């Protein structure tokens, strides 16, 4: 697959997954079992038109545009702050959803805290607010560091720094590292995501300050996670739960549509699980349903950002 096509599939997959989940955010699994999502809905939780995306996509698009000019953490935070203050990178110039940890980190930045010191470091600061926007970093590293980047220790510091802008606890850092390694496997067209997980784990095992947290991710193994029943998959806003739910959905389905409907119908943090799963499903399957894409707010602008990002590198295939 050409890199430009992979970028478009991944980013639009993220935005579509987000938009699928926005109308039913906070609904329970039981409520969605009675009235499941089967396409784009309007209004609902946030009273937004069908195809409206939320903070997940806004922050990912801010990161994508920033990375078009290289890695600059202050520029990333400046864009995130514009999103809050100006409605930059939103569907309708209005912010209607934001996590507490992200809000606190941006407040610190606005008051002069250096970018890499803004993210929360406590156990309770492990929401999914950095995982939901990290996909552009995987795309960037794949193109600049090469498809073997999960085996290069220096790349993890870049991933961790991008997370630490808002979420700096080791569990959030590792979750972002694992996700980027999985995205890289899909960019290479590999049928399995587990080699990426293995490569990332190998790195973290060499890091004394991070290795103790690997046990937290113990269920993310090829012989464990895919076999778990739905009742053991949580869909809360905890970053570990979001990563597990994403990989569980990805491994149990063979199309974008079925994977995303499974993801959002898990309930609770539906927009973020939809976004995180949608990014990977877009890379793996493509095939985003036209009837969903046609409803996406500012779709042409999003596609323009994808083109600009892709064109900032030399043309070529993903691997």
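In the working numbering, the protein residues as written are 98 to 416. For glycine and all other residues, C-beta sits at the position ideal for the given N, C-alpha and C. What you are looking at is a predicted structure, and each value in this text was computed from that prediction instead of being measured.
(request) Quick one: give me the first and last residue of the alpha helix (DSSP H) that residue 168 is part of. (result) Residue 168 -> no alpha helix (DSSP H), and no H or E assigned at all.
(request) Please go through the region 196 to 267 and give each complete beta strand (DSSP E) segment of 3 or more residues, from N-terminal end onward. (result) none
(request) Please report how far the alpha carbon of residue 380 lies from the alpha carbon of residue 151, in whole angstroms. (result) Using only the alpha carbons, I get a separation of about 21 Å.
(message) Would you call the region 360 to 374 in contact with the region 384 to 393, where contact means no fewer than 3 C-beta pairs closer than 8 Å?
(response) no
(message) I need the boundaries of the alpha helix (DSSP H) containing residue 327, first residue and last residue.
(response) That residue, residue 327, is in no alpha helix (DSSP H); it is neither H nor E in DSSP.
(request) With DSSP as the reference, label residue 138 as helix, strand or coil. (result) coil
(request) Please classify residue 240: is it buried, with 16 or more other beta-carbons within 10 angstroms of its beta-carbon, or exposed? (result) buried
(request) Answer with buried or exposed for residue 223, where buried requires no fewer than 16 other C-beta atoms within 10 angstroms of its C-beta. (result) That one is buried.
(message) Can you list, in chain order, the residues of its chain with a C-beta nearer than 7 Å to that of residue 69? Leave out the 5 residues immediately preceding and following it.
(response) A query on residue 69 cannot be resolved here, the shown segment of the chain reaching from 98 to 416 and no further.
(request) Rounded to whole angstroms, what's the CA-CA distance from residue 169 to residue 130? Just pull it up for me. (result) 44 Å
(request) Grab the span of the alpha helix (DSSP H) containing residue 389 for me, first residue to last. (result) 387 to 390
(message) I need the boundaries of the alpha helix (DSSP H) containing residue 102, first residue and last residue.
(response) 100 to 118
(message) Using 8 Å as the threshold, is the C-beta distance between residue 339 and residue 294 below it?
(response) no
(message) Please report the straight-line C-alpha distance between residue 407 and residue 238, rounded to a whole angstrom.
(response) 12 Å
(request) Rounded to whole angstroms, what's the CA-CA distance from residue 329 to residue 399? Just pull it up for me. (result) 35 Å
(request) Can you give me the Cβ contacts of residue 388 inside the same chain, cut-off strictly under 8 Å, excluding the 5 residues immediately before and after it? (result) So the list reads 136, 137, once near-sequence residues are dropped.
(request) Output yes or no for whether 8 Å exceeds the beta carbon distance between residue 198 and residue 264. (result) yes
(request) Rounded to whole angstroms, what's the CA-CA distance from residue 112 to residue 300? Just pull it up for me. (result) 30 Å
(request) State the start and end residues of the unbroken alpha helix (DSSP H) segment that holds residue 338. (result) 336 to 349
(request) For residue 325, count neighbouring Cβ atoms within 10 angstroms of its own Cβ and tell me buried if that reaches 16, exposed if not. (result) Answer is exposed; the Cβ neighbour count stays below 16.
(request) Report buried or exposed for residue 220, applying the criterion of at least 16 other Cβ atoms within 10 angstroms of its Cβ. (result) exposed
(request) Would you kindly check if the distance between the Cβ of residue 128 and the Cβ of residue 143 is under 8 Å? (result) 8 Å or more divides the Cβ of residue 143 from the Cβ of residue 128.
(request) Let me know the secondary structure DSSP gives residue 190 once reduced to three states. (result) coil
(request) Just the C-alpha distance for residue 374 and residue 277, rounded to the nearest angstrom, thanks. (result) 12 Å
(message) 8 Å is my cut-off, CB to CB: does residue 126 come that close to chain D?
(response) Included in the structure is just one protein chain, with no chain D present.
(message) Please classify residue 274 as buried or exposed, where buried requires at least 16 other C-beta atoms within 10 Å of its C-beta.
(response) buried
(message) Rounding to the nearest angstrom, what Cα-Cα distance links residue 212 and residue 322 in this structure?
(response) 35 Å
(message) Just verifying my parser: in three-state terms, what is the DSSP assignment at residue 45?
(response) No answer is possible for residue 45: the residues shown for the chain start at 98 and end at 416.
(message) So residue 227 and residue 269 are supposed to be a Cβ contact under 8 Å. How far apart are they, rounded?
(response) 5 Å
(message) Considering just the uninterrupted stretch of the alpha helix (DSSP H) at residue 159, what are its terminal residues?
(response) 152 to 164
(request) Please name the residue in 206, 302, 147, 102 whose C-alpha comes closest to that of residue 182. (result) The residue with the shortest Cα to Cα distance from residue 182 is 206.
(message) Using CA atoms only, rank isn't needed, just tell me which of 344, 305, 336 is closest to residue 317.
(response) 344
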